[in-house]
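Novice: Heads up: the sequence shown begins at 1 in full-length UniProt numbering, then just goes up one per residue.
Just so it is clear, CB atoms sit at the ideal spot from N, CA and C, and this is done for glycine as well.
This is the structure I have questions about; it appears just below.
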Amino acid sequence: FSFLQERLRYMLVLLLLLHGTDSFYVPGVAPINFHHNDPVEIKAVKLTSSRTQLPYEYYSLPFCQPTKITYKAENLGEVLRGDRIVNTPFQVSMNVEKKCEVLCNFPNKPVTLTVEQSKLIAERIREDYYVHLIADNLPVATRLEFYSNREEEEKKKEKDVQFEHGYRLGFMDGNKFYLHNHLSFILYYHREDVEENREPTYRVVRFEVIPQSIKLEDLKADEKSMCTLPEATGSAPQEIDPSKENQLLFTYSVHWEESDIKWASRWDTYLTMSDVQIHWFSIINSVVVVFFLSGILSMIIIRTLRKDIANYNKEDDIEDTMEESGWKLVHGDVFRPPQYPMILSSLLGSGIQLFCMILIVIFVAMLGMLSPSSRGALMTTACFLFMFMGVFGGFFAGRLYRTLKGHRWKKGAFCTATLYPGVVFGICFVLNCFIWGKHSSGAVPFPTMVALLCMWFGISLPLVYLGYYFGFRKQPYDNPVRTNQIPRQIPEQRWYMNKFVGILMAGILPFGAMFIELFFIFSAIWENQFYYLFGFLFLVFIILVVSCSQISIVMVYFQLCAEDYRWWWRTFLVSGGSAFYVLIYAIFYFVNKLDIVEFIPSLLYFGYTALMVLSFWLLTGTIGFYAAYMFVRKIYAAVKID
């Protein structure tokens with residue numbers, strides 16, 4: 001049976017390769033088998049810091065270089081993330097131990113850092129940079145052991161182990177800088193079952209590092225590039241003095257250990273870095289609260305509506321109908337087209353595009369096809385999906401524009417294809433100029449930017465036009481009541497019917513449903529954590545859709561009862577109220593969780609936050625608008641109108 005399973009797996013791999021979807025990763029597929037003494041290549045990804053938010057490529061610092069530097073061909077997502085995967089001179093062989101070896105230069109000739117290089121290293125250490133390496137596509141992790149707040153007796157027995165991504169470049173003690181110049185690699189392998197006469201095969205299942213700072217004099221190196229590590233107590237760390245030249249040796253050691261971890265679950269170590277129990281508890285808590293509130297809202301609305309419709313449909317005395325109040329009064333104006341119908345339909349089209357993209361990405365990721373091991377796959381998929389979802393965005397925008405009595409469909413289609421993407425591209429371009437100025441690998445290279453522009457105008461724009469053309473030609477939405485010639489006068493509104501008050505009231509429920517998840521998403525984006533809880537995220541997305549729809553329906557009902565028929569724009573703005581709370585939360589997160597002090601990192605944070613808030617407002621506003629539109633059409637179809 002297991003043999004059959006293996007065969008099926010390899011067939012699946014072949015099919016995936018034939019279809020060219022190499023960015024998709026199905027967990028447990030395509031492992032690399034190593035024999036004893038096979039080379040295990042160690043590559044560098046980048047340097048990152050949550051204090052500066054600016055990634056740098058590995059060789060931006062004077063590390064030891066191999067004879068030929070080769071960069072890995074990267075997908076769109078990796079380029080946008082600032083990954084620059086490159087080979088390193090570390091010589092690691094499967095299941096071969098190395099006590100201590102000098103990495104570059106001859107042992108009798110240590111590496112000399114110039115004053116400029118020393119200054120740069122000291123600056124990166126002060127900015128708290130981490131170095132990220134990979135072996136067999138597994139990222140390196142530093143083990144952190146600490147005692148938890150358990151009883152005294154248990155403390156002695158058990159330590160809590162957590163892992164941190166990458167390893168620290170160095171550390172500071174007072175005003176002195178120390179560089180981690182010796183790396184002790186600990187690699188874990190899983191021995192695969194093979195037939196008796198065959199050579200055993202191994203798979204890499206974990207990659208840890210213990211970084212150390214050891215002074216040049218304490219690293220006794222011989223002519224064969226071997227070195228001896230000093231006793232832990234007696235060694236002094238390698239200081240980097242930014243005011244003068246520094247001499248040091250880069251060394252490393254390799255230790256192999258056998259592990260019971262299967263290849264398919266080798267990522268579990270990296271993904272269980274945060275407490276999942278708290279996550280479960282928070283999610284269930286928000287689900288219960290939201291469904292409880294949703295249930296109450298639905299009951300109230302349905303009961304009130306039934307009473308309204310029954311009252312309106314009673315054919316009583318003429319005096320009664322004269323004293324009508326509430327939403328039936330505005331039936332002659334409720335479907336009157338709003339101001340700027342083209343911009344409204346364009347924004348809603350972009351909202352539909354975002355909705356389809358997010359739904360598909362979360363669903364596919366939930367099935368495990370976009371796991372963190374396929375670097376950049378999530379971002380690449382999201383970019384391409386947004387382009388291709390232009391058909392649906394264009395179709396819905398075109399049909400709505402026709403319903404709102406619009407005539408210039410070509411201009412409308414162009415507006416839909418360029419309004420939101422244009423704002424996103426503009427903000428990203430400005431931020432990119434600042435990142436370029438810092439020589440960071442996070443800057444999108446010019447060819448990639450041209451490629452993105454070609455995708456926008458070559459794929460997205462024609463697809464939006466296509467969708468818009470068919471949407472505009474289709475029968476407009478059927479409104480159940482006719483619109484009067486003369487607009488009705490709107491009575492003076494109470495203070496709580498103000499737009500801003502509406503935004504504050506409407507945003508609470510959807511934001512409350514998702515704010516726990518927001519913390520994990522922010523940690524993934526700003527603190528270089530892995531985000532993998534797409535099952536949770538899918539659940540939260542469903543709750544968000546339900547709560548946005550309900551709040552929007554309640555708000556439009558109150559508005560129509562107050563005899564204000566200008567609901568089109570207002571519903572779109574008010575339904576996106578939770579985006580305002582996301583902005584407040586982002587500011588809170590910046591102040592309390594991040595240690596960012598410089599201007600450019602702060603600018604990057606708030607620039608990207610503005611994009612997130614804008615996209616979230618479009619998404620929630622669109623969900624709320626369509627829910628309210630369906631609701632308004634339903635209730636006016638249910639009452640008899642003379």
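One question on the structure: do residue 645 and Ile-121 come within less than 8 angstroms of each other, judged by their Cβ atoms?
Specialist: Here the chain comprises residues numbered 1 to 642, so residue 645 is not present and cannot be evaluated.
Novice: By the three-class DSSP mapping on this structure, what secondary structure does Met-389 have?
Specialist: Reading the sequence shown from its first residue, position 389 is the one you call residue 389. Three-state result, Met-389: coil.
Novice: Report yes if the CB atom of Ala-417 is closer than 8 angstroms to the CB atom of Val-450, and no otherwise.
Specialist: Position 417 of the sequence shown, counted from the first residue, corresponds to residue 417. Position 450 of the sequence shown, counted from the first residue, corresponds to residue 450. Cβ atoms of Ala-417 and Val-450: not closer than 8 angstroms.
Novice: Quick check on the DSSP output: the beta strand (DSSP E) that includes Gln-247 runs from which residue to which?
Specialist: In the sequence shown, counting from the first residue as 1, residue 247 sits at position 247. For Gln-247, the enclosing beta strand (DSSP E) stretches over residues 246-248.
Novice: Between which two residues does the beta strand (DSSP E) harbouring Gln-212 extend?
Specialist: Here residue 212 is taken as the residue at index 212 of the sequence shown, counted from 1. Where Gln-212 is concerned, the enclosing beta strand (DSSP E) stretches over 202-212.
Novice: Check for me: the beta strand (DSSP E) holding Lys-410 runs from which residue to which?
Specialist: If you number the sequence shown from 1, residue 410 lands on position 410. It is not in any beta strand (DSSP E) - Lys-410 instead sits in the alpha helix (DSSP H) that spans 409-437.
Novice: If you follow the beta strand (DSSP E) that Leu-113 is in, where does it begin and where does it stop?
Specialist: The residue labelled residue 113 in the question sits at position 113 within the sequence shown. Segment 111-113, the beta strand (DSSP E) holding Leu-113.
Novice: Going by beta carbon distance, what residues of the same chain come within less than 8 angstroms of Ile-69, once the five residues before and after it are set aside?
Specialist: The count along the sequence shown starts at 1 and reaches residue 69 at position 69. If you ignore the 5 residues before and after Ile-69, its C-beta comes within less than 8 angstroms of the C-beta of Tyr-59, Val-86, Asn-87, all in its own chain and listed in chain order.
Novice: Is Asp-83 closer than 8 angstroms to Lys-43 when the C-beta atoms are compared?
Specialist: Walking along the sequence shown from the start, residue 43 turns up at place 43. Walking along the sequence shown from the start, residue 83 turns up at place 83. No, the pair does not count as a contact, with Cβ atoms beyond the cut-off.
Novice: Are at least three pairs of beta-carbons, each pair with one atom in the stretch 115-134 and one in the stretch 95-105, less than 8 angstroms apart?
Specialist: no
Novice: Per DSSP, what kind of secondary structure is Ser-523 in: helix, strand or coil?
Specialist: Counting from one through the sequence shown, the residue named residue 523 turns up at place 523. It is helical.
Novice: Looking at Phe-392: is its Cβ nearer than 8 angstroms to the Cβ of Cys-356?
Specialist: To locate residue 392, count along the sequence shown from 1; it is residue 392. To locate residue 356, count along the sequence shown from 1; it is residue 356. In this structure, Cys-356 lies closer than 8 angstroms to Phe-392 by Cβ.
Novice: Span of the alpha helix (DSSP H) holding Trp-568?
Specialist: Residue 568 sits at position 568 when you count from the first residue of the sequence shown. Its alpha helix (DSSP H) spans residues 568-575.
Novice: With DSSP as the reference, please indicate the residues paired to Met-172 in a beta bridge.
Specialist: Looking up residue 172 in the sequence shown gives position 172. BP columns for Met-172 point to Phe-177.
Novice: Please name the residue, chosen from Gln-339, Ser-253, Ser-549, Gln-238, that lies closest to Val-111 on a Cα-to-Cα basis.
Specialist: The residue given as residue 111 occupies position 111 in the sequence shown. Per the Cα distances, Gln-238.
Novice: Indicate whether Tyr-605 and Val-334 have their beta-carbon atoms separated by less than 8 angstroms.
Specialist: Counted from its first residue, the sequence shown places residue 605 at position 605. Counted from its first residue, the sequence shown places residue 334 at position 334. No, the pair does not count as a contact, with Cβ atoms beyond the cut-off.
Novice: Is the beta carbon of Val-613 sitting closer than 8 angstroms to the one on Ala-579?
Specialist: Along the sequence shown, one-based indexing puts residue 613 at 613. Along the sequence shown, one-based indexing puts residue 579 at 579. Cβ distance < 8 angstroms, so Val-613 and Ala-579 count as in contact.
Novice: Assuming Arg-203 contacts Glu-192 under a Cβ cut-off of 8 angstroms, what Cβ separation, rounded to an integer in Å, is found between them?
Specialist: For the purposes of this step, residue 203 is taken as the residue at position 203 of the sequence shown. For the purposes of this step, residue 192 is taken as the residue at position 192 of the sequence shown. About 6 angstroms separates the two Cβ atoms, so the contact holds.
Novice: Determine, using beta carbons only, whether Gly-398 and Phe-457 come nearer to each other than 8 angstroms.
Specialist: Taking the first residue of the sequence shown as 1, we reach residue 398 at position 398. Taking the first residue of the sequence shown as 1, we reach residue 457 at position 457. No, the pair does not count as a contact, with Cβ atoms beyond the cut-off.
Novice: What's the call for Ala-73, buried or exposed, on a 16-neighbour Cβ count within 10 Å?
Specialist: Stepping through the sequence shown from its first residue, residue 73 is reached at position 73. Classification of Ala-73: exposed, given that the 10 Å Cβ count is below 16.
Novice: Which value, in whole angstroms, describes the spacing of the CA atoms of Leu-216 and Gln-65?
Specialist: Working through the sequence shown from its first residue, we reach residue 216 at position 216. Working through the sequence shown from its first residue, we reach residue 65 at position 65. If I take the Cα positions, the gap works out to 19 angstroms.
Novice: Go ahead and pull the three-state DSSP assignment for Glu-41.
Specialist: Stepping through the sequence shown from its first residue, residue 41 is reached at position 41. Glu-41 falls in the coil class under three-state DSSP.
Novice: DSSP on Lys-99, reduced to helix/strand/coil?
Specialist: For the purposes of this step, residue 99 is taken as the residue at position 99 of the sequence shown. Of the three classes helix, strand and coil, the one that applies to Lys-99 here is strand, per DSSP.
Novice: Assign Gln-485 to buried or exposed, taking buried as 16 or more other Cβ atoms, counted over all protein chains shown, within 10 Å of its Cβ.
Specialist: Counted from its first residue, the sequence shown places residue 485 at position 485. By the neighbour-count rule (16 or more Cβ atoms within 10 Å), Gln-485 is not buried but exposed.
Novice: Skipping 5 residues on each side, what residues in its chain have a beta carbon closer than 7 angstroms to that of Phe-396?
Specialist: Reading the sequence shown from its first residue, position 396 is the one you call residue 396. Answer for Phe-396: Leu-348, Gly-349, Ile-352, Gly-471, listed in chain order.
Novice: Within the same chain, show all residues whose beta-carbon is closer than 6 angstroms to that of Ile-210, passing over the 5 residues directly before and after it, in chain order.
Specialist: The residue given as residue 210 occupies position 210 in the sequence shown. For Ile-210, where only same-chain residues beyond five positions count, the Cβ hits under 6 angstroms are Ser-184.
Novice: Ordered along the chain, which non-local residues of its own chain (more than five positions away) have a Cβ less than 7 angstroms from that of Lys-220?
Specialist: Here residue 220 is taken as the residue at index 220 of the sequence shown, counted from 1. The answer, listed in chain order, is Cys-227, Thr-228.
Novice: Taking only runs of the alpha helix (DSSP H) that begin and end inside the stretch 278-304, which ones reach a length of at least 4 residues, in chain order?
Specialist: Counting whole runs of 4 or more residues, the stretch 278-304 contains no alpha helix (DSSP H) stretch at all.
Novice: State the beta-bridge partners of Val-613 as determined by DSSP.
Specialist: In the sequence shown, residue 613 corresponds to position 613, counting from 1. DSSP lists no partner for Val-613.
Novice: Count the other CB atoms, across all protein chains shown, that sit within 10 Å of the CB of Arg-402; report buried if there are 16 or more and exposed otherwise.
Specialist: As a position in the sequence shown, residue 402 is number 402, starting the count at 1. By the 10 Å Cβ count, Arg-402 comes out buried.
Novice: According to DSSP, simplified to helix, strand and coil, what is Val-597?
Specialist: Within the sequence shown, numbered from 1, the residue matching residue 597 stands at position 597. Residue state, collapsed to three classes: coil.
Novice: Determine the closest residue to Glu-257 out of Ala-310, Asp-268, Leu-187, with distance taken between C-alpha atoms.
Specialist: Position 257 of the sequence shown, counted from the first residue, corresponds to residue 257. Here the closest residue by C-alpha is Leu-187.
Novice: Going by CA-CA distance only, name the one from Val-574, Gly-607, Leu-329 that's closest to Pro-487.
Specialist: Taking the sequence shown and counting its residues from 1, the one referred to as residue 487 is at position 487. Minimum Cα distance to Pro-487 is reached at Leu-329.
Novice: Quick check on the DSSP output: the beta strand (DSSP E) that includes Ala-562 runs from which residue to which?
Specialist: Counted from its first residue, the sequence shown places residue 562 at position 562. That residue, Ala-562, is in no beta strand (DSSP E); it is neither H nor E in DSSP.
Novice: Roughly how many angstroms separate the alpha carbons of Tyr-636 and Met-342, rounded to a whole number?
Specialist: As a position in the sequence shown, residue 636 is number 636, starting the count at 1. As a position in the sequence shown, residue 342 is number 342, starting the count at 1. When rounded, the distance between both Cα atoms is 25 angstroms.
Novice: What residue from Val-632, Tyr-252, Phe-500 has the CA that sits closest to Gly-577's CA?
Specialist: For the purposes of this step, residue 577 is taken as residue 577 along the sequence shown, with counting starting at 1. Cα-wise, what sits closest to Gly-577 is Phe-500.
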